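There are 2 protein chains.
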Amino acid sequence: MQRPLILVTNDDGITAPGIRNLVEFMNEIGEVVVVAPNSPQSGKGHAITINSTLTFEEINLEGPQKDYSLSGTPVDCVKFALDKILTRKPDIVVSGINHGANSSINVIYSGTMSAAVEAGVEGLQAIGFSLLDFSWDADFKEAKTHIQDIVRKVLANPIPKGIVLNVNIPKLKSSEIKGIRVCKQAHAKWEESFDERINPHGKKYYWLTGYFNNMDTSENADEVALSEGYISIVPVKFDLTAYEYLDQLKGIME
Amino acid sequence: MQRPLILVTNDDGITAPGIRNLVEFMNEIGEVVVVAPNSPQSGKGHAITINSTLTFEEINLEGPQKDYSLSGTPVDCVKFALDKILTRKPDIVVSGINHGANSSINVIYSGTMSAAVEAGVEGLQAIGFSLLDFSWDADFKEAKTHIQDIVRKVLANPIPKGIVLNVNIPKLKSSEIKGIRVCKQAHAKWEESFDERINPHGKKYYWLTGYFNNMDTSENADEVALSEGYISIVPVKFDLTAYEYLDQLKGIME
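Top to bottom, those sequences are chains W and L. 1 is the number of the first residue of the first sequence in the working numbering; add one for each residue after it. 255 is the number of the first residue of the second sequence in the working numbering; add one for each residue after it.
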């Protein structure tokens, strides 16, 4: 039997420890091809490159996988891999491991999750993985068995078309992780505050800063599950239609 | 009575004809403040600027509104306007008019719609407008009464929290537009094809190209409504949870 073909991408760039760990974990499950950005792409959301051009390089990194770096966004990587690099359809696309959370509303800003969504749009099985640790030297090894377990479960039980998975992992030792909780996206938002500075020429400039405000205490909200020591898995749709509001809106607009 | 405060933004840049027309239409409805990108931001999705800084300028353009150009993405514009420019909460945020369609799956790539979604995350009423004409000198005037009518209806009938509107307008004379149809996001995708070229130094580079493939013939799919001469309005949610799949996923993962 052919081993599953696994496409790996991310938004922190092809040399980030998060993706190198994910590649190592996936090499034990299938044949791995990596197509990932050649530079960090955090916060790029579902951006695509349409007003400039793309280049790619095959690079040699440790391990049996093939590695390609692309001068684009995470979504570009998925599109480019499918059109120009892979010779057959991947059995699954995994994105990450992101350095930092992509829980709740972060799903819409996240390059990691946008790559997974793009794979879903292409009709593929897809999962985004994020660890709740922003540091470059975060310990991804503690998540290894959990990540492998989730990928194997998805390969054995395909997710319906139109849905991809958003997996967030608490910053805990493997033995301290209490298990997996299937969750909804918590109702939360960033409270922005732009930090004003003056440049050497006297002109004001701004850094985007802020704090995360979770307003959701439901047991099955991803933020709550994570705070209680569980891995959260949110099934994410990319049909954004608010079906429950269609009839009322017809009454107002038509 | 205070006139409604209307924040206007877009993704084609503050001088694009689409936003200048929208500003003109909105000046007849309320007090208008424009905070828009200083350069084109098409295809930027829900990107935010976190690894570089932002600057803004007040600029003088024709009309009673105030205009501010920001060195960021559409989502940055909404965040920045709320934190640093507006002195009270806007009654509505309108984004566009985009030069080109943002119907069906384009909602996830669209800077125009991401600005509207960001306003929704902030708890505000929000609408993204797009005209099915990519040309810079598209005739936006034909859409004027329809756009004003939709904005007035939303101001009079607030949309529930968590939902924003994606409005697409066919390229037709006002008298040829058959009316408004409240729609779902059509099931459709881009079939990518990267156009390979060779640069003067002998290195390959690529342009993202492709064609749009609508697979949805439902009467209430936005693509169908538009092709039949209707304005489509899709209510868009940013809670992406696939609630209908939660129980089945629990059976697999927990």
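Just so it is clear, CB atoms sit at the ideal spot from N, CA and C, and this is done for glycine as well. As the structure is a prediction and not an experimental result, all values here were calculated from the model.
Closer than 8 Å to chain L by CB, leucine 54 of chain W: Position 54 of the first sequence, counted from the first residue, corresponds to residue 54 of chain W. It does; some Cβ of chain L falls within 8 Å.
Assuming asparagine 21 of chain W is part of the alpha helix (DSSP H), what are its boundary residues? Here the question's residue 21 of chain W lines up with position 21 in the first sequence. Element bounds for asparagine 21 of chain W: 17-27.
Is it the case that the segment 482-490 of chain L contacts the segment 404-423 of chain L, given that we only count it when at least three CB pairs across the two stretches are under 8 Å? yes
How long is the line joining the alpha carbons of glycine 202 of chain W and asparagine 275 of chain L, rounded to whole angstroms? Locating residue 202 of chain W in the first sequence gives position 202, where the first residue counts as 1. Locating residue 275 of chain L in the second sequence gives position 21, where the first residue counts as 1. Their Cα atoms are separated by approximately 35 Å.
Report the neighbours of lysine 144 of chain W on chain L: residues whose CB is nearer than 9 Å to its CB, in chain order. In the first sequence, the residue the question calls residue 144 of chain W occupies position 144. Near lysine 144 of chain W there are no residues of chain L at all, since even the closest Cβ is about 17 Å away, more than 9 Å.
At which residues does the beta strand (DSSP E) containing serine 486 of chain L begin and terminate? Counting from 1 along the second sequence, the entry for residue 486 of chain L is found at position 232. Taken as a continuous stretch (DSSP letters only), the beta strand (DSSP E) holding serine 486 of chain L covers 484-491.
In whole angstroms, what is the alpha-carbon distance linking glutamate 450 of chain L and tryptophan 461 of chain L? Along the second sequence, one-based indexing puts residue 450 of chain L at 196. Along the second sequence, one-based indexing puts residue 461 of chain L at 207. Each residue's alpha carbon lies about 7 Å from the other.
Please check if any C-beta of chain W sits within less than 8 Å of the C-beta of tryptophan 390 of chain L. Counted from its first residue, the second sequence places residue 390 of chain L at position 136. By this cut-off, tryptophan 390 of chain L is not an interface position.
Could you give the distance in angstroms between the alpha-carbon of alanine 116 of chain W and the alpha-carbon of glycine 13 of chain W? Counting from 1 along the first sequence, the entry for residue 116 of chain W is found at position 116. Counting from 1 along the first sequence, the entry for residue 13 of chain W is found at position 13. Answer to the nearest angstrom: the Cα atoms are 15 Å apart.
Residue of L/Val436, L/Gln295 and L/Thr309 minimising C-alpha distance to glutamate 244 of chain W: Working through the first sequence from its first residue, we reach residue 244 of chain W at position 244. Closest by alpha carbon: L/Val436.
Where isoleucine 304 of chain L sits in the DSSP three-state scheme: As a position in the second sequence, residue 304 of chain L is number 50, starting the count at 1. Note: isoleucine 304 of chain L maps to coil in three-state DSSP.
Would you mind reading off the limits of the beta strand (DSSP E) that contains valine 208 of chain W? One-based indexing of the first sequence puts residue 208 of chain W at position 208. The sequence given here places leucine at residue 208 of chain W; valine does not occur at that position. From DSSP, the beta strand (DSSP E) with leucine 208 of chain W extends over 204-214.
Determine, using beta carbons only, whether isoleucine 233 of chain W comes closer than 8 Å to chain L. Here residue 233 of chain W refers to the residue found at position 233 when the first sequence is read from its first residue. It does; some Cβ of chain L falls within 8 Å.
Should aspartate 247 of chain W be labelled buried (16 or more other beta-carbon atoms within 10 Å of its own) or exposed? Taking the first sequence and counting its residues from 1, the one referred to as residue 247 of chain W is at position 247. Classification for aspartate 247 of chain W: exposed.
For asparagine 264 of chain L and glycine 350 of chain L, which I take to be in contact (beta-carbon distance under 8 Å), what is that distance rounded to the nearest angstrom? As a first step, residue 264 of chain L is located in the second sequence; it is residue number 10 there, counting from the start. As a first step, residue 350 of chain L is located in the second sequence; it is residue number 96 there, counting from the start. Yes, they are in contact, since the Cβ atoms of asparagine 264 of chain L and glycine 350 of chain L sit about 6 Å apart, within 8 Å.
Would you be able to state if there are at least three C-beta pairs under 8 Å between the segment 56-66 of chain W and the segment 27-36 of chain W? yes
Would isoleucine 359 of chain L and valine 121 of chain W qualify as a contact pair, given that the criterion is a beta-carbon distance under 8 Å? Taking the second sequence and counting its residues from 1, the one referred to as residue 359 of chain L is at position 105. Taking the first sequence and counting its residues from 1, the one referred to as residue 121 of chain W is at position 121. In contact: isoleucine 359 of chain L and valine 121 of chain W (Cβ atoms closer than 8 Å).
Residue burial classification, glutamine 125 of chain W (beta-carbon count within 10 angstroms, cutoff 16): Residue numbering aside, residue 125 of chain W sits at position 125 when the first sequence is read from its first letter. Answer is buried; the Cβ neighbour count reaches 16.
Could you name the residues that DSSP lists as bridge partners for lysine 173 of chain W? As a first step, residue 173 of chain W is located in the first sequence; it is residue number 173 there, counting from the start. DSSP output for lysine 173 of chain W lists no bridge partner at all.
Minimum Cβ-Cβ distance from tyrosine 109 of chain W to chain L less than 8 Å: Reading the first sequence from its first residue, position 109 is the one you call residue 109 of chain W. Yes, its Cβ sits closer than 8 Å to a Cβ of chain L.
Can you tell me the Cα-Cα spacing of asparagine 422 of chain L and isoleucine 59 of chain W, whole angstroms? Counting from 1 along the second sequence, the entry for residue 422 of chain L is found at position 168. Counting from 1 along the first sequence, the entry for residue 59 of chain W is found at position 59. Distance between the alpha carbons of asparagine 422 of chain L and isoleucine 59 of chain W: 43 Å.
For a quick check, are the C-beta atoms of alanine 188 of chain W and asparagine 214 of chain W less than 8 Å apart? Position 188 of the first sequence, counting from 1, holds the residue named residue 188 of chain W. Position 214 of the first sequence, counting from 1, holds the residue named residue 214 of chain W. Against a cut-off of 8 Å, the Cβ pair of asparagine 214 of chain W and alanine 188 of chain W comes out as a contact.
Report the neighbours of valine 375 of chain L on chain W: residues whose CB is nearer than 9 Å to its CB, in chain order. Taking the second sequence and counting its residues from 1, the one referred to as residue 375 of chain L is at position 121. Correct list: Ile105, Ile108, Lys189 and Trp190.
So, is the C-beta of proline 40 of chain W closer than 8 Å to a C-beta in chain L? For the purposes of this step, residue 40 of chain W is identified with residue 40 of the first sequence, where counting begins at 1. Output row for proline 40 of chain W: interface = yes.
In the structure shown, what three-state DSSP assignment does tyrosine 322 of chain L receive? Within the second sequence, residue 322 of chain L is the residue found at index 68, counting from 1. Correct three-state label for tyrosine 322 of chain L: strand.
Quick one, which of L/Ser293, L/Leu261, L/Pro291 and L/Asn292 has its alpha-carbon nearest glutamate 278 of chain L's? Locating residue 278 of chain L in the second sequence gives position 24, where the first residue counts as 1. Per the Cα distances, L/Leu261.
Find the residues of chain W that neighbour lysine 333 of chain L, judging by a C-beta separation of less than 9 Å, and give them in chain order. As a working mapping, residue 333 of chain L is identified with position 79 in the second sequence. Residues of chain W passing the Cβ test: Trp190, Glu192, Phe194, Leu208 and Gly210.
Partners in chain A for tyrosine 459 of chain L, counting only beta-carbon separations shorter than 8 Å: The structure shown contains no chain A; its protein chains are W and L.
For serine 296 of chain L, the three-state DSSP class (helix, strand or coil): Indexing the second sequence from 1 puts residue 296 of chain L at position 42. It is coil, neither helix nor strand.
Option in L/Leu259, L/Arg257, L/Gln256 and L/Pro294 with minimal Cα separation from glycine 272 of chain L: Here residue 272 of chain L corresponds to residue number 18 of the second sequence, with the count starting at 1. Nearest C-alpha to glycine 272 of chain L: L/Pro294.
Quick one, are the C-beta atoms of isoleucine 431 of chain L and isoleucine 404 of chain L less than 8 Å apart? The residue given as residue 431 of chain L occupies position 177 in the second sequence. The residue given as residue 404 of chain L occupies position 150 in the second sequence. Cβ distance not < 8 Å, so isoleucine 431 of chain L and isoleucine 404 of chain L don't count as in contact.
Comparing the C-beta of leucine 500 of chain L with each C-beta of chain W, is any distance below 8 Å? Locating residue 500 of chain L in the second sequence gives position 246, counting from the first residue. Chain W, which has a Cβ nearer than 8 Å to the Cβ of leucine 500 of chain L, makes this yes.
Just how far apart, CA to CA, sit proline 74 of chain W and asparagine 38 of chain W? Taking the first residue of the first sequence as position 1, residue 74 of chain W is located at position 74. Taking the first residue of the first sequence as position 1, residue 38 of chain W is located at position 38. Those two C-alpha atoms are separated by around 10 Å.
Could you tell me how far apart the beta carbons of aspartate 337 of chain L and leucine 308 of chain L are, in whole angstroms, since I believe they sit closer than 8 Å? In the second sequence, residue 337 of chain L corresponds to position 83, counting from 1. In the second sequence, residue 308 of chain L corresponds to position 54, counting from 1. Contact doesn't hold; Cβ gap of about 11 Å is too wide.
Determine which residues of the segment 410-422 of chain L have a Cβ less than 7 Å from any Cβ of chain W, and write them out in chain order. Asn411, Pro414 and Ile417
Any Cβ of chain W within less than 8 Å of the Cβ of alanine 496 of chain L? Along the second sequence, one-based indexing puts residue 496 of chain L at 242. Yes, its Cβ sits closer than 8 Å to a Cβ of chain W.
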